[in-house]
Amino acid sequence: MAKTKVIVVGAGIAGPVLAIFLKTRGYDPIIYERLPSPGEGGLSFLLQPNGLRVLSLIPGLVEQIPGQSPNRMIHCSSLDGKEDILVDDDISPDTMRERFGFPMIGVRRTEFQQLLIDMAEKHSIEIKWGHQAIEFEQSEDAVEVTFTNGTKDTASFVVGCDGLHSNTRIALFGKEKANFTGLAQFGGLSPTPPTLRGQFALVNNYANGRHMVSYPVAEDKYSWAITTREAEVKEDWKTQHVEQQNEIRRGPLSHWGFGAGDLVKTGQKIVKYGLYDRPELKSWFKGRIVLLGDAAHPTSPHLGQGANQAFEDVYHMMRLLKKYNPSTGQPSIELLSQVFSDYQDLRISRTSELVRRARQQGEARVVEGIDACRVRDEKIRMGSQDDAARMAHFELLSGPFKHSEM
250 MAKTKVIVVG AGIAGPVLAI FLKTRGYDPI IYERLPSPGE GGLSFLLQPN GLRVLSLIPG
310 LVEQIPGQSP NRMIHCSSLD GKEDILVDDD ISPDTMRERF GFPMIGVRRT EFQQLLIDMA
370 EKHSIEIKWG HQAIEFEQSE DAVEVTFTNG TKDTASFVVG CDGLHSNTRI ALFGKEKANF
430 TGLAQFGGLS PTPPTLRGQF ALVNNYANGR HMVSYPVAED KYSWAITTRE AEVKEDWKTQ
490 HVEQQNEIRR GPLSHWGFGA GDLVKTGQKI VKYGLYDRPE LKSWFKGRIV LLGDAAHPTS
550 PHLGQGANQA FEDVYHMMRL LKKYNPSTGQ PSIELLSQVF SDYQDLRISR TSELVRRARQ
610 QGEARVVEGI DACRVRDEKI RMGSQDDAAR MAHFELLSGP FKHSEM
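Each residue of the sequence shown is one higher than the one before, counting from 250 in our numbering.
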């Protein structure tokens, strides 16, 4: 009997992970990606225990992740020439494994994506580059996808993992207006500054009207991003021109304390992008087509949960496919409706809450005026002692399962 074919749209981060799970569970996935080759966009992200818990279900993957785990999480403030440590927590791999079973790992996006692509290809999953999906025509038992180059392909169902600018989402629900939040970020990769050598610290630097987060992605390299309030900026993640990069490197931020200024001065491939909001969808699927990851619930980066929540999506999608289609046979539209309905009912409320929390975090971090900054700093200092916040954080990092049901 022929295996059930699944078209996965997008070879970024979520797409290859989903395809590997589909393949190992008896489906026949094929990945279509609009870019001609693995992208250079994006800097890095922090893999957290909830995301790593899902990735650990792929044998040998977590052990190969090319990154670096932080040992400390430090919150520090620079105001009126005064530098102050607000919070200094132990988040070493041993401590995190004891609490959650997994550490945190800072990874460069390009290196991590390449690992996932290599892993997918080792599982004999075909990836077709340079194929941008533009039309989806559904019948009772299949979906035909048309690409800009004229290619067509047909599968039992389609999963849109095509990220922030998802064509699959547009095809299902129409084009939406993205609203600029008033916040922009710029960041880069830098050699480890002298003040952080040997520490492997995740550092949040707060100042008047700005916030920086930085963390190690290799033994000798840090990734960093600064959030500020300014006029509207495109969300294209493109590297700035040389003159623009030099202006940032030589600007006032190069004098920031706690190693932040050194990171700015030595930044490589500095990118700048605006942060935008999109409407929360009431549904993530139509018929045989469903959304996953950023295509379904794009988020601002202030909680560092974007990729990790995409992996939680993957886990629940696969768990429900196993529950309702244990034979992995050709699913009826009724069966898929049950899978996709349960999936979105579980995930929409969860991810919507996290998207809101991320927005609130960004607003709370980037405040202007010395008095307002001092209030912010005191909230951060006291927040480490907030039992409710600590329980929410523990619950977040302990997901999405204790014992896998896949």
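Ideal Cβ placement from N, Cα and C applies to all residues, glycine included.
Per DSSP, the bridge partner or partners of residue i
| i | result |
| --- | --- |
| Asn453 | His324 and Val462 |
| Ser472 | Leu438 and Tyr464 |
| Glu375 | Ile279 |
| Ala433 | Thr477 and Gly523 |
| Ile262 | DSSP, once it has assigned bridges, lists no residue as partnering Ile262. |
| Ile354 | Leu296 |
| Val257 | Ile280 and Val408 |
| Gln517 | Leu438 |
6 Å Cβ shell around residue i - same chain, five flanking residues per side excluded
| i | result |
| --- | --- |
| Arg608 | Ser549 |
| Ala420 | Phe385 |
| Ile323 | Asp337, Ala450 and Val452 |
| Glu617 | Gly458 |
| Arg625 | Val616 |
DSSP state of residue i mapped onto helix, strand, coil
| i | result |
| --- | --- |
| Tyr522 | strand |
| Thr444 | helix |
| Ile334 | strand |
| Lys424 | coil |
| Lys535 | strand |
| Phe650 | coil |
| Asp339 | strand |
| Ser405 | coil |
| Ser293 | strand |
| Leu552 | helix |
| Thr395 | strand |
| Glu384 | strand |
| Gly316 | strand |
| Gln579 | coil |
| Lys252 | coil |
| Gly611 | helix |
| Leu540 | strand |
| Gln634 | coil |
| Phe507 | coil |
| Ala559 | helix |
| Thr400 | coil |
| Pro501 | helix |
| Met655 | coil |
| Ala268 | helix |
| Val616 | coil |
| Asp626 | helix |
| Leu585 | helix |
| Arg348 | helix |
| Leu639 | The sequence given here places Arg at residue 639; Leu does not occur at that position. Three-state result, Arg639: helix. |
Rounded Cβ spacing between residue i and residue j (contact assumed at less than 8 Å)
| i | j | result |
| --- | --- | --- |
| Arg478 | Gly523 | Arg478 to Gly523, Cβ: 11 Å. No contact. |
| Ser405 | Gln579 | 6 Å |
| Gly291 | Arg346 | Not a contact, Cβ separation roughly 27 Å. |
| Gly355 | Pro443 | With a Cβ gap of about 19 Å, Gly355 and Pro443 do not count as contacting. |
| Val462 | Ala474 | 6 Å |
| Ala544 | Ser415 | 4 Å |
| Ala382 | Thr417 | 6 Å |
| Pro298 | Phe349 | 4 Å |
| Gln317 | Ala467 | 5 Å |
| Ser681 | Tyr455 | Missing from the structure shown is residue 681; the chain here goes from 250 to 655 and no further. |
| Tyr564 | Gln587 | Not a contact, Cβ separation roughly 18 Å. |
| Val303 | Gly409 | Val303 to Gly409, Cβ: 19 Å. No contact. |
| Asn398 | Gly412 | Not really, about 20 Å apart at Cβ, beyond 8 Å. |
| Phe294 | Gly555 | 7 Å |
| Pro319 | Met353 | 6 Å |
Cβ shell of residue i (< 8 Å), same chain only, five flanking positions each side left out
| i | result |
| --- | --- |
| Arg537 | Gln387, Ala391, Val392, Ser405, Phe406, Val407, Ile582 and Leu585 |
| Ile374 | Pro265, Ala268, Ile269, Lys272, Pro278, Ile279 and Ile280 |
| Ile619 | Leu328, Asp329 and Asn457 |
| Leu364 | Leu310, Gln313, Ile314 and Pro315 |
| Gln493 | Ile519 and Lys521 |
| Glu529 | His546, Ile597, Ser601 and Val604 |
| Arg498 | Val513, Lys514, Thr515, Gly516 and Ile519 |
| Arg623 | Leu328 |
| Asp321 | One point to set straight first is that residue 321 is Arg, not Asp, in the sequence displayed. For Arg321, where only same-chain residues beyond five positions count, the Cβ hits under 8 Å are Asp337, Asp338, Asp339, Ile340, Ser341, Gln448, Phe449, Ala450 and Leu451. |
Close beta carbons around residue i, own chain, < 7 Å, minus the five adjacent residues each side
| i | result |
| --- | --- |
| Glu289 | Thr359 |
| Ser532 | Gln593 |
| Arg527 | Glu425, Ala427 and Pro547 |
| Thr395 | Ile383, Glu384 and Lys401 |
| Gly275 | Lys252 and Thr577 |
| Thr476 | Leu432, Gln434, Arg459, His460, Gly611, Arg614 and Val615 |
| Val482 | Ala433, Lys521, Tyr522 and Gly523 |
Chain C within 9 Å of residue i, Cβ atoms only
| i | result |
| --- | --- |
| Leu438 | No chain C appears in the structure shown, which is made up of a single protein chain. |
Exercise for review: Please determine if the segment 428 to 444 and the segment 509 to 524 are in contact, where contact requires at least 3 C-beta pairs separated by less than 8 Å.
Suggested key: yes
Check your understanding: Touch check for the segment 366 to 378 and the segment 499 to 510: three-plus C-beta pairs under 8 Å?
Key -> no
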